[in-house]
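Trainee:
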Amino acid sequence: MYDDLSHFLYNQMILASLDGLDGKHFDVFNVFHWVVLVTGIAAAAALVWLFILHNKYRSLMILLAAQSRAAAQMVRTPMPKLLQYGRSSPPTSNDVQMKTVRQYLADIFPTEVLLMVILLAILIFMISVFVYKLVKKYKNDHTKLTLD
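If you use our numbering, the sequence shown corresponds to residues 1 to 148, in order.
Laid out in C-alpha cells, this is it:
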C-alpha cells in the first residue's frame with residue numbers, strides 16, 4: 001500500500017491533524033493548525049508587499065523614462081564648429097573595478113530572490129536575538145545560599 005515508511009508517517013500525520021475535524025474548527029493545541037495559520041498570514045503579507053513594490057517599481061520606471069526626454073529637451077547646446085579627434089586615454093584600474101557587489105549579485109540572482117534572502121536574514125537575526133535574550137534571562141536564575 002505504501003512505497004516507503006515516510007509515506008506512511010506522512011499519511012498518519014495528516015490523518016492525526018484532521019482527526020475528528022471537518023476542517024472548520026481551529027484547534028489551539030494543534031501545531032499543524034498554527035503552521036497553516038502562520039503560513040497563510042505570511043503569504044497574504046507577501047502578496048500585499050508584492051503589490052506595493054510592483055506599483056513603486058512601475059512608477060520609478062515611468063519616472064526614469066520621462067527624465068531622459070525632459071533632460072534632453074532642457075539641454076540645448078550649440079553644435080561645435082570644429083571637430084577635434086584625439087587618442088582616448090587607456091582605461092585605468094579604477095575603470096576596471098567599477099562593477100559593484102550589487103551588480104555581481106544582480107547578475108547571479110534576480111531582485112526578488114535577493115529581497116527574499118535579505119528578509120530571511122533579518123528574520124533569522126531577530127529570532128536569534130530574541131532566543132539569546134531569553135536564554136540569557138533564564139540562565140542566571142540560580143538559588144544563592146549565603147552563609148553568615
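All residues carry an ideal CB built from backbone N, CA and C; glycine is no exception.
(1) Just to confirm my understanding: we take V113, look at its own chain, exclude 5 residues before and 5 after, and list those with CB closer than 8 Å. What are they?
(2) Identify which residue in K81, K139, A43 has its Cα closest to the Cα of M116.
(3) What does the alpha-carbon distance come out to for the pair H7 and I14?
(4) When the Cα atoms are used, what is the spatial distance from T100 to L145?
(5) Just the Cα atoms here: how many angstroms apart are Q103 and I118?
(6) Rounding to the nearest angstrom, what Cα-Cα distance links A121 and Q84 in this structure?
(7) Rounded to whole angstroms, what is the Cα-Cα separation between I52 and Y138?
(8) I need the boundaries of the alpha helix (DSSP H) containing F125, first residue and last residue.
(9) DSSP three-state label for G40, please.
(10) Work out the CA separation of A45 and V38 for me, nearest whole Å.
(11) Excluding the 5 residues preceding and the 5 following F109 in the sequence, name in chain order all residues of the same chain whose CB lies nearer than 8 Å to its CB.
Mentor: In brief:
(1) Taking the first residue of the sequence shown as 1, we reach residue 113 at position 113. Taken in chain order, the list of residues that qualify is empty.
(2) Position 116 of the sequence shown, counted from the first residue, corresponds to residue 116. Considering only alpha carbons, the answer is A43.
(3) One-based indexing of the sequence shown puts residue 7 at position 7. One-based indexing of the sequence shown puts residue 14 at position 14. When rounded, the distance between both Cα atoms is 11 Å.
(4) Working through the sequence shown from its first residue, we reach residue 100 at position 100. Working through the sequence shown from its first residue, we reach residue 145 at position 145. Whole-angstrom Cα-Cα distance: 60 Å.
(5) For the purposes of this step, residue 103 is taken as the residue at position 103 of the sequence shown. For the purposes of this step, residue 118 is taken as the residue at position 118 of the sequence shown. For Q103 and I118, the distance between alpha carbons rounds to 16 Å.
(6) Along the sequence shown, one-based indexing puts residue 121 at 121. Along the sequence shown, one-based indexing puts residue 84 at 84. In a straight line, the C-alpha of A121 is about 54 Å away from that of Q84.
(7) Stepping through the sequence shown from its first residue, residue 52 is reached at position 52. Stepping through the sequence shown from its first residue, residue 138 is reached at position 138. Whole-angstrom Cα-Cα distance: 41 Å.
(8) Taking the first residue of the sequence shown as position 1, residue 125 is located at position 125. Element bounds for F125: 111-139.
(9) Counting from one through the sequence shown, the residue named residue 40 turns up at place 40. In the structure shown, the three-state DSSP call for G40 is helix.
(10) Within the sequence shown, the letter at position 38 stands for residue 38. Within the sequence shown, the letter at position 45 stands for residue 45. Roughly 11 Å between the two C-alpha positions.
(11) Taking the first residue of the sequence shown as position 1, residue 109 is located at position 109. Around F109: V117.
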